[in-house]
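Undergrad:
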Amino acid sequence: MADSIVSKLDLEKTSAPMILIIGQTGAGKSHFCNKVLGDDFEEVRESAHLSSCTSKPELVSAKVDGNEYLLVDTPGFNDTWKDLRRSDAKILGEIAQTLTLQSQLGVHLRGILYLYDIMAKRMTGETLRQFELIKRICGEQNYGNVLLVTTHWPERIEDQKKQHCAVREGDLRRDFWKEMIAGGSVMCRFDDQHKTAKAIIRRLASKPNITLELQQEMAKNKSLKGTSAFSFIVKARQEDEEKAKAAKAQNRPSLDDDATLCNVNLDSIDIRKDDERRLNDDIVQRVQAAIEEQNEEARKREKKASVKDIFRWIIGLSSLAMGVAQVALQC
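Counting from 1, one number per residue, gives the positions in the sequence shown under the UniProt record's numbering.
1) Quick one: residues in its chain with C-beta nearer than 6 Å to the C-beta of residue 334, no 5 flanking neighbours on either side, listed in chain order?
2) Hey, quick one: how far does the beta strand (DSSP E) through Asn295 stretch, first residue to last?
3) Count the other C-beta atoms from every protein chain shown that fall within 10 angstroms of the C-beta of Val167, then say buried if there are 16 or more, exposed otherwise.
4) With H, G and I counted as helix, E and B as strand and the rest as coil, what does DSSP make of Gly170?
5) First and last residue of the alpha helix (DSSP H) that includes Val234?
6) Examine the Cβ distances between the stretch 219-226 and the stretch 176-191 and report whether three or more of them are shorter than 8 Å.
7) On the DSSP letters alone, give me the boundaries of the alpha helix (DSSP H) that Asn34 sits inside.
8) Are the beta-carbon atoms belonging to Leu148 and Phe32 less than 9 Å from one another?
9) Find the nearest neighbour of Met119 within the set Arg286, Gly28, Arg312, judged by alpha-carbon distance.
10) Leu109 by DSSP, collapsed to three states: which one?
11) Given Ser7, which residues of its chain have a CB within under 8 Å of its CB, disregarding the five upstream and five downstream residues?
12) If you draw a straight line from the alpha carbon of Asp65 to that of Lys13, how long is it in whole angstroms?
13) How big is the Cα-Cα spacing for Ser15 and Ala247?
14) DSSP on Ser15, reduced to helix/strand/coil?
15) Starting from the C-beta of Asp258, find all residues in its chain whose C-beta is less than 8 Å away, skip the five residues before and the five after it, and write them out in chain order.
16) Just the C-alpha distance for Arg203 and Arg174, rounded to the nearest angstrom, thanks.
17) Got a sec, what are the start and stop residues for the alpha helix (DSSP H) Ala219 sits in?
18) May I have the straight-line CA-CA distance separating Pro208 from Arg110, to the nearest angstrom?
19) How would you call Leu128, buried or exposed, if buried means at least 16 neighbouring beta carbons within 10 angstroms?
20) Could you pull the start and end residues of the alpha helix (DSSP H) that Arg189 belongs to?
21) Out of Ser87, Leu11, Pro75, which one is the CA nearest neighbour of Asp270?
22) Relative to the C-alpha of Asp281, which residue among Gln250, Ser306, Thr227, Ser206 is closest?
23) Can you have a look at Met18 and say buried or exposed, based on whether 16 or more other CB atoms are within 10 angstroms of its CB?
24) Leaving aside the five residues before and after Thr196 along the sequence, list all residues of the same chain whose C-beta is less than 7 Å from its C-beta, in chain order.
25) Which of the three DSSP states is assigned to Ser52 in this structure?
26) Taking the alpha-carbon positions, what's the Arg278 to Leu9 distance?
27) Thinking just about the alpha-carbon of each residue, which of Asn67, His108, Ile134 is nearest to the one in Gly93?
28) Could you give the distance in angstroms between the alpha-carbon of Leu212 and the alpha-carbon of Phe176?
29) If we ignore side chains and look at the alpha-carbon of each, how far apart do Ser103 and Gln288 end up?
30) Can you tell me which residues form a DSSP beta bridge with Ser61?
31) Going along the chain, which residues of its own chain have a beta-carbon closer than 8 Å to the beta-carbon of Thr98, five neighbours each way excluded?
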């Protein structure tokens, strides 16, 4: 772990590792966190529709078998043309900010849960591209600390068969997730039960702590824009831009895959390009300044701040990763 600012401040430390929870809007990330918590008092607001309730990362503390974990519930990767606000650059910026905050506060990263709705009719181009982004953020050496969790399984076996859930699960295993599974990732079913949610977290209990490829590259290059993840989103946007221009020249509204409409019209591509420019390369400095500011505020209130408190206070400040604060805070 890179040198952290926590050693310079009088903060109450924590030995609890972090688990990052990511996935598409509607996959059930907040619901999963609440199921891990069970009857505990802390609760994460859930979405009952396709709009994400988690507009900024949230942190909750949960115990499994007496071991504490810091679960970070992230905003969904929007997969609908109606919401253009969350580009790949924003997703990358939020994850980079969260990982920088984790590292600077001296918190270890235990693993990643990638949640996927088993009821999704098809794997869209948008979902595939964002999954490729996650692979570049993780790095092949860390696939063993990634759990691929399918959600929204029908309760009745008959309904599972009717919806072809097992067939979709097989497609994910053989095709879309094949590389990560070969590298050590494990597929898990989440059946909406408290005990199952805890069992999934328990799978990471004996795993070593990790440093993701994105963190290593940022430490080496001192720049988010110098990472392979950033290069990937730029290349993907450039390819979509070429396709959109070709479609416009032929008077076609989109490509054959209508699910990628939000990414192949020129207006949305301009938004993606603008978000790429807005990404800050000085995330470490901004995070350190925010930690110091929150610690000073606690000192003024004659309260000793804890690492968990500061983590929870800062984690939702998306403006640390994106250059224009009001844009991020409107989400």
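Where is the CB? At the ideal position from N, CA and C, for every residue including glycine.
TA: Answer, in terms of the structure:
1) Given that the chain is displayed from residue 1 to residue 331, the structure contains no residue 334 and the question cannot be resolved.
2) Here Asn295 belongs to no beta strand (DSSP E); instead the alpha helix (DSSP H) covers 283-300.
3) Its Cβ having fewer than 16 others within 10 Å, Val167 is exposed.
4) Helix, per DSSP.
5) 228-249
6) no
7) 29-37
8) Phe32 is positioned such that its CB atom lies no closer than 9 Å to that of Leu148.
9) Across the set Arg286, Gly28, Arg312, the C-alpha of Gly28 shows the shortest separation from the C-alpha of Met119.
10) Strand.
11) Gly106
12) 21 Å
13) Distance between the alpha carbons of Ser15 and Ala247: 53 Å.
14) coil
15) Confidence in Asp258 is poor, its pLDDT being 47 and thus under 50, which makes the residue's placement unreliable; the coordinate value appears in the next sentence. Contacts found: none.
16) Looking at the backbone, the Cα of Arg203 and that of Arg174 are separated by about 22 Å.
17) In this chain, the alpha helix (DSSP H) harbouring Ala219 covers 213-221.
18) If you take the alpha carbons of Pro208 and Arg110, they lie about 7 Å apart.
19) exposed
20) That residue, Arg189, is in no alpha helix (DSSP H); its beta strand (DSSP E) goes 186-189.
21) Closest option to Asp270, Cα to Cα, is Ser87.
22) Thr227
23) buried
24) Phe190
25) With a pLDDT of 49 at Ser52, under the threshold of 50, the modelled position of that residue is not reliable, and the figure given next carries that caveat. Looking at Ser52 - three-state DSSP - the assignment turns out to be coil, as it is neither helix nor strand.
26) Between Arg278 and Leu9, the C-alpha separation is close to 30 Å.
27) Ile134
28) 21 Å
29) When only Cα atoms are considered, Ser103 and Gln288 end up about 11 Å apart.
30) Leu70.
31) Excluding sequence neighbours, Thr98 sits near Leu20, Pro57, Val72, Thr74, Ile315.
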